[in-house]
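Trainee: Going line by line, the protein sequences match chains A and B. Be aware that the first sequence starts at 291, since it is given in this note's numbering, and climbs by one per residue. Be aware that the second sequence starts at 291, since it is given in this note's numbering, and climbs by one per residue.
2 protein chains.
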Amino acid sequence: MTLAIDFGDIQAAAQRLAGVAHRTPVLTSRTADALTGARLFFKCENLQRMGAFKFRGAYNALAQFDEAQRRAGVIAFSSGNHAQAIALSARLLGMPSVIVMPGDAPPIKIAATRDYQEGQRGSEVVLYDRYREDREAIGRRIAHERGMTLIPPYDHPHVMAGQGTAALELIEQAGPLDALVVCVGGGGLISGCAVAATHLLPAIAVHGVEPEAGNDTQLSLARGEIVSIDVPNTIADGAQTQSSGRLTFPVIRSLVKSVVTASDAALVRTMRFMAGRMKLVVEPTGCLAAAAVLEGTLDLRGQRVGVVLSGGNVDLKSFAQWIAAE
Amino acid sequence: MTLAIDFGDIQAAAQRLAGVAHRTPVLTSRTADALTGARLFFKCENLQRMGAFKFRGAYNALAQFDEAQRRAGVIAFSSGNHAQAIALSARLLGMPSVIVMPGDAPPIKIAATRDYQEGQRGSEVVLYDRYREDREAIGRRIAHERGMTLIPPYDHPHVMAGQGTAALELIEQAGPLDALVVCVGGGGLISGCAVAATHLLPAIAVHGVEPEAGNDTQLSLARGEIVSIDVPNTIADGAQTQSSGRLTFPVIRSLVKSVVTASDAALVRTMRFMAGRMKLVVEPTGCLAAAAVLEGTLDLRGQRVGVVLSGGNVDLKSFAQWIAAE
Chain A
291 MTLAIDFGDI
301 QAAAQRLAGV
311 AHRTPVLTSR
321 TADALTGARL
331 FFKCENLQRM
341 GAFKFRGAYN
351 ALAQFDEAQR
361 RAGVIAFSSG
371 NHAQAIALSA
381 RLLGMPSVIV
391 MPGDAPPIKI
401 AATRDYQEGQ
411 RGSEVVLYDR
421 YREDREAIGR
431 RIAHERGMTL
441 IPPYDHPHVM
451 AGQGTAALEL
461 IEQAGPLDAL
471 VVCVGGGGLI
481 SGCAVAATHL
491 LPAIAVHGVE
501 PEAGNDTQLS
511 LARGEIVSID
521 VPNTIADGAQ
531 TQSSGRLTFP
541 VIRSLVKSVV
551 TASDAALVRT
561 MRFMAGRMKL
571 VVEPTGCLAA
581 AAVLEGTLDL
591 RGQRVGVVLS
601 GGNVDLKSFA
611 QWIAAE
Chain B
291 MTLAIDFGDI
301 QAAAQRLAGV
311 AHRTPVLTSR
321 TADALTGARL
331 FFKCENLQRM
341 GAFKFRGAYN
351 ALAQFDEAQR
361 RAGVIAFSSG
371 NHAQAIALSA
381 RLLGMPSVIV
391 MPGDAPPIKI
401 AATRDYQEGQ
411 RGSEVVLYDR
421 YREDREAIGR
431 RIAHERGMTL
441 IPPYDHPHVM
451 AGQGTAALEL
461 IEQAGPLDAL
471 VVCVGGGGLI
481 SGCAVAATHL
491 LPAIAVHGVE
501 PEAGNDTQLS
511 LARGEIVSID
521 VPNTIADGAQ
531 TQSSGRLTFP
541 VIRSLVKSVV
551 TASDAALVRT
561 MRFMAGRMKL
571 VVEPTGCLAA
581 AAVLEGTLDL
591 RGQRVGVVLS
601 GGNVDLKSFA
611 QWIAAE
């Protein structure tokens, strides 16, 4: 079966993003290396524009709109970072955006989305109840009424290709890697990264990390088909997805070596390590990959390992409580 | 009058530090630019080894010890980051270190200093009461008894030259700057940075920022001689110095355009901005320069401005309280 994207799509995305997205730094920590016995390279997508890797995929998708699509604008539904990414990308490209967000998303994400839309005519945020309403149905209705193009948060080839530029850059910055560890929500980031990494380094082992409470991809791989679960209850709000995508799952199945999980308690410990030792604010979802590495869920001793810190958009009051806990 | 260091000393320091110190990233923030009307380049020394710029000066000093000095080792007195910097540099260079620290320094800094000494024979931390004892006398006594070389936290040409590499790198990374804003404790960082910056960019305006409660350098500049004050009461524990140094003050007087102050409340607001918007953990002292810029104390509209974030070593419980406050 042909996968939804290939390496050429990621290279083209990298060209579209050049000078627009940040080339985020790669940080190392001797403490983390000593803990794990590996040589770790942390790709800091929490320092990306709007605070998460999602900007890459959103901008790559919107930059490919034709003139009619640009005029009508874009609509998106998202648990948070995709919303901000679309809002910002749309404003940069001068088009209206409608963002359909869960009403219980972190307040910082709702406010930031509205900030990013500011000054762009025709842009707005529409809130819904994620336990009672179907966000996809709402999105489709508005898209139909206003002629807007719907860009889903992960299951779209342009989004996947954009996210893959994070791994492309990381390998350019860190050099050869034995393994790459990436968080898994709907699979947009890991599928793009897996295509980039396995093209550049055919022997690399790509590992995914899901929240313990939301291991739908792990279940799907075991069963050999996409499994859908209830909305998982986890602090990793960016990975509260119910299933992998129809485009992302085949990529994960073909190119990802294993998918493991991290508990919320492990995410809190990892947030504290990131703040205390690496001086970084990383949101719970952004800690998934690092948690599996630092807690020894993945045994990576002796290996050169890329670890994607996917985002840093977290409510500061919640963050303060997490890092202050014993 | 000849200054204690020149640009050649900083270039030599940069060579000693190559491959040992991190070349820390320079981050930008469109939000910060919009707030200030300037184009800001934040030099992230909170992401330096041991969490602060102090590693640069300490390593540059210890790397120049002769064989007899290496055997006997180094002694240092410090409010915190210089301690960790000396402890780590000494271990990397295989020599004993004795660190004389105030007993009320942040626990994270005392613990980290001991961690950095681990495995190095002859190394220890000696605590003293900073309101009743004279740290310099304690340091001199131990230095005499054990034949150790005392490296002061700022008033030493090798330390000053090492710190100056932060500005050298920043200008290499960001390109030409109209202004450079640096925190001021004893003046080691700003004196080194001023020598580097004014050599590379003769028209640059270098500004220093002190805690409001500890404006000894501002007073000294006004009086034209070094003024000593009581130990200032401020959350900027890295800038609780009582006076500039005999070597640093002449550099500041010659090359620094202005010294302004930031209140503790401004430092807390800046810590919150750094965490929420820039996803960085910056300690109070490390926020001094950014506070003066973000709060408009310095009017830098239309300018390209380097801002040094000097360190990130802060007790997480205190940090959590500061960023969670309204």
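For glycine and all other residues, C-beta sits at the position ideal for the given N, C-alpha and C.
(1) Using a Cβ cut-off of 8 Å (strictly closer), state whether isoleucine 376 of chain A contacts chain B.
(2) Report the start-end ranges of each alpha helix (DSSP H) in the region 402-463 of chain B that is 4 residues or longer and not cut off at the edges.
(3) Using Cβ-Cβ distances below 7 Å, what residues of the region 559-575 of chain A are close to chain B?
(4) First and last residue of the beta strand (DSSP E) that includes glycine 476 of chain A?
(5) Could you tell me the distance, in whole angstroms, from the CA atom of histidine 489 of chain A to the CA atom of leucine 545 of chain A?
(6) Among A:Ala451, A:Ala362, A:Arg513, A:Arg591, which one has its Cα closest to the Cα of glutamate 435 of chain A?
(7) Assuming threonine 637 of chain A is part of the beta strand (DSSP E), what are its boundary residues?
(8) Please list, in chain order, the chain A residues whose beta carbon lies closer than 9 Å to that of lysine 629 of chain B.
(9) Ordered along the chain, which non-local residues of its own chain (more than five positions away) have a Cβ less than 8 Å from that of glutamine 407 of chain B?
(10) Is the separation between the beta-carbon of asparagine 350 of chain B and that of leucine 307 of chain B shorter than 8 Å?
(11) Taking the straight line between their C-alpha atoms, what separation do you get for serine 368 of chain B and leucine 557 of chain B?
(12) DSSP has lysine 333 of chain A in a bridge; who is on the other side?
(13) Would you grab the beta carbon distance between valine 604 of chain A and valine 583 of chain A for me? Rounded to a whole angstrom, and I think it's under 8 Å.
(14) If we call anything under 8 Å between Cβ atoms a contact, is lysine 333 of chain B one with glycine 596 of chain B?
(15) Under 8 Å between C-beta atoms, does glycine 602 of chain B make it to chain A?
(16) Who pairs with methionine 391 of chain B in a beta bridge, going by DSSP?
(17) Looking only at its own chain, which residues have a Cβ that is under 7 Å from the Cβ of glutamine 354 of chain B, when we skip the five neighbours before and after it?
(18) Of all the residues that make up the region 306-319 of chain B, which are near chain A by a beta-carbon distance shorter than 7 Å?
(19) Can you tell me the Cβ-Cβ gap for alanine 395 of chain A and aspartate 506 of chain A, rounded? I've got them flagged as a contact below 8 Å.
(20) The beta strand (DSSP E) that contains glycine 498 of chain B, what's its start and end?
(21) At 4 residues or longer, and completely inside the region 335-359 of chain B: list those alpha helix (DSSP H) runs for me, N to C.
(22) Which first and last residues belong to the alpha helix (DSSP H) in which valine 364 of chain A is found?
(23) With a threshold of 8 Å on Cβ separation, who are the neighbours of leucine 509 of chain A within its own chain once the five nearest residues in sequence on each side are excluded?
(24) Going along chain B in order, which residues have a C-beta closer than 7 Å to the C-beta of asparagine 336 of chain A?
(25) Between which two residues does the alpha helix (DSSP H) holding aspartate 468 of chain B run?
(26) Excluding sequence positions up to five away, which residues of its chain have a Cβ less than 7 Å from the Cβ of isoleucine 613 of chain B?
(27) Could you tell me the distance, in whole angstroms, from the CA atom of valine 472 of chain B to the CA atom of glycine 586 of chain A?
(28) In chain order, what residues of the same chain lie with their CB nearer than 6 Å to the CB of alanine 402 of chain B, ignoring the 5 residues before and after it?
(29) Between A:Ala304, A:Met340, A:Gly309, which lies nearest to glutamate 573 of chain A when the distance is taken from Cα to Cα?
(30) If you run the structure through DSSP and keep just helix, strand and coil, what is leucine 545 of chain A?
(31) Could you check if tyrosine 421 of chain A is buried or exposed, using at least 16 other CB atoms within 10 Å of its CB as the buried criterion?
(32) In whole angstroms, give me the CA-to-CA distance for alanine 324 of chain A and arginine 594 of chain A.
(33) In chain order, what residues of the same chain have a beta carbon less than 8 Å from the beta carbon of leucine 578 of chain A, not counting five sequence neighbours either side?
(34) Count the other CB atoms within 10 Å of the CB of aspartate 299 of chain B; is the residue buried (16 or more) or exposed (fewer)?
(35) Among B:Pro522, B:Asp554, B:Phe609, B:Gln338, which has the Cα closest to the Cα of glycine 309 of chain B?
(36) Taking C-beta pairs closer than 7 Å, name the residues in chain A that glycine 477 of chain B reaches, listed in chain order.
Mentor: Based on what the coordinates show:
(1) Taking the first residue of the first sequence as 1, we reach residue 376 of chain A at position 86. Taking Cβ atoms only, chain B never reaches closer than 8 Å to isoleucine 376 of chain A, which makes this a no.
(2) 425-436
(3) Arg562, Ala565, Gly566, Lys569, Leu570, Val571
(4) For the purposes of this step, residue 476 of chain A is taken as residue 186 along the first sequence, with counting starting at 1. From DSSP, glycine 476 of chain A is part of no beta strand (DSSP E); its letter is neither H nor E.
(5) As a first step, residue 489 of chain A is located in the first sequence; it is residue number 199 there, counting from the start. As a first step, residue 545 of chain A is located in the first sequence; it is residue number 255 there, counting from the start. Roughly 10 Å separates the two Cα atoms.
(6) Position 145 of the first sequence, counted from the first residue, corresponds to residue 435 of chain A. Of A:Ala451, A:Ala362, A:Arg513, A:Arg591, the residue nearest in Cα terms is A:Ala362.
(7) The first residue shown for chain A is 291 and the last is 616, placing residue 637 of chain A beyond what the model contains.
(8) The displayed coordinates of chain B run from 291 to 616. Any statement about residue 629 of chain B would go beyond what the structure contains.
(9) Residue numbering aside, residue 407 of chain B sits at position 117 when the second sequence is read from its first letter. Result list for glutamine 407 of chain B: Ala377, Ala380, Arg381, Ser387, Ile389, Ser413, Glu414, Val415, in chain order.
(10) Looking up residue 350 of chain B in the second sequence gives position 60. Looking up residue 307 of chain B in the second sequence gives position 17. Contact: yes.
(11) Position 78 of the second sequence, counted from the start, is the residue given in the question as residue 368 of chain B. Position 267 of the second sequence, counted from the start, is the residue given in the question as residue 557 of chain B. One C-alpha to the other measures close to 22 Å.
(12) Counted from its first residue, the first sequence places residue 333 of chain A at position 43. Looking at the DSSP assignment, lysine 333 of chain A forms a beta bridge with A:Val316, A:Val598.
(13) Taking the first residue of the first sequence as position 1, residue 604 of chain A is located at position 314. Taking the first residue of the first sequence as position 1, residue 583 of chain A is located at position 293. Between valine 583 of chain A and valine 604 of chain A the Cβ distance is about 20 Å, and since that is not below 8 Å, they are no contact.
(14) To locate residue 333 of chain B, count along the second sequence from 1; it is residue 43. To locate residue 596 of chain B, count along the second sequence from 1; it is residue 306. Yes, the Cβ-Cβ distance between lysine 333 of chain B and glycine 596 of chain B is below 8 Å.
(15) In the second sequence, the residue the question calls residue 602 of chain B occupies position 312. So, interface residue.
(16) Start at 1 with the first residue of the second sequence, and residue 391 of chain B comes out as number 101. Answer is B:Leu417, bridged to methionine 391 of chain B.
(17) Counting from 1 along the second sequence, the entry for residue 354 of chain B is found at position 64. Closer than 7 Å at the Cβ level, and outside the excluded window around glutamine 354 of chain B, lie His448.
(18) Pro315, Leu317
(19) In the first sequence, the residue the question calls residue 395 of chain A occupies position 105. In the first sequence, the residue the question calls residue 506 of chain A occupies position 216. 20 Å between Cβ atoms; not a contact.
(20) One-based indexing of the second sequence puts residue 498 of chain B at position 208. Run containing glycine 498 of chain B: 495-501, per the beta strand (DSSP E) assignment.
(21) 344-352
(22) Here residue 364 of chain A refers to the residue found at position 74 of the first sequence. Looking at the DSSP string, valine 364 of chain A is not in any alpha helix (DSSP H); the run it does join, the beta strand (DSSP E), is 364-367.
(23) Walking along the first sequence from the start, residue 509 of chain A turns up at place 219. Contacts found: Val517, Ile519.
(24) What you label residue 336 of chain A is simply residue 46 of the first sequence in a count that begins at 1. By Cβ distance, chain B contributes Lys569.
(25) Along the second sequence, one-based indexing puts residue 468 of chain B at 178. Note, aspartate 468 of chain B: premise wrong, no alpha helix (DSSP H); not H, not E.
(26) As a first step, residue 613 of chain B must be located in the second sequence, where it is residue number 323. Excluding residues within five positions, the ones whose Cβ falls inside 7 Å are Met561, Arg562, Ala565.
(27) In the second sequence, the residue the question calls residue 472 of chain B occupies position 182. In the first sequence, the residue the question calls residue 586 of chain A occupies position 296. Answer to the nearest angstrom: the Cα atoms are 40 Å apart.
(28) Locating residue 402 of chain B in the second sequence gives position 112, where the first residue counts as 1. For alanine 402 of chain B, where only same-chain residues beyond five positions count, the Cβ hits under 6 Å are Gln374.
(29) If you number the first sequence from 1, residue 573 of chain A lands on position 283. It is A:Met340.
(30) On the first sequence, residue 545 of chain A is found 255 positions in, with the first residue counted as 1. The answer is helix: DSSP assigns leucine 545 of chain A an H, G or I state.
(31) Counted from its first residue, the first sequence places residue 421 of chain A at position 131. The residue is exposed, with fewer than 16 neighbouring Cβ atoms inside 10 Å.
(32) Locating residue 324 of chain A in the first sequence gives position 34, where the first residue counts as 1. Locating residue 594 of chain A in the first sequence gives position 304, where the first residue counts as 1. Rounded to the nearest angstrom, the two C-alpha atoms are 13 Å apart.
(33) Counting from 1 along the first sequence, the entry for residue 578 of chain A is found at position 288. Only Cys473, Val474, Val499, Glu500, Pro501, Ala526, Ala529, Ala552, Leu557, Ser600 meet the Cβ criterion.
(34) Residue numbering aside, residue 299 of chain B sits at position 9 when the second sequence is read from its first letter. Classification of aspartate 299 of chain B: buried, given that the 10 Å Cβ count is 16 or more.
(35) Translated into the one-based positions of the second sequence, residue 309 of chain B becomes position 19. That would be B:Gln338, whose Cα lies nearest to the Cα of glycine 309 of chain B.
(36) Within the second sequence, the letter at position 187 stands for residue 477 of chain B. Under the 7 Å cutoff, chain A gives no residues; its nearest Cβ is about 24 Å from glycine 477 of chain B.
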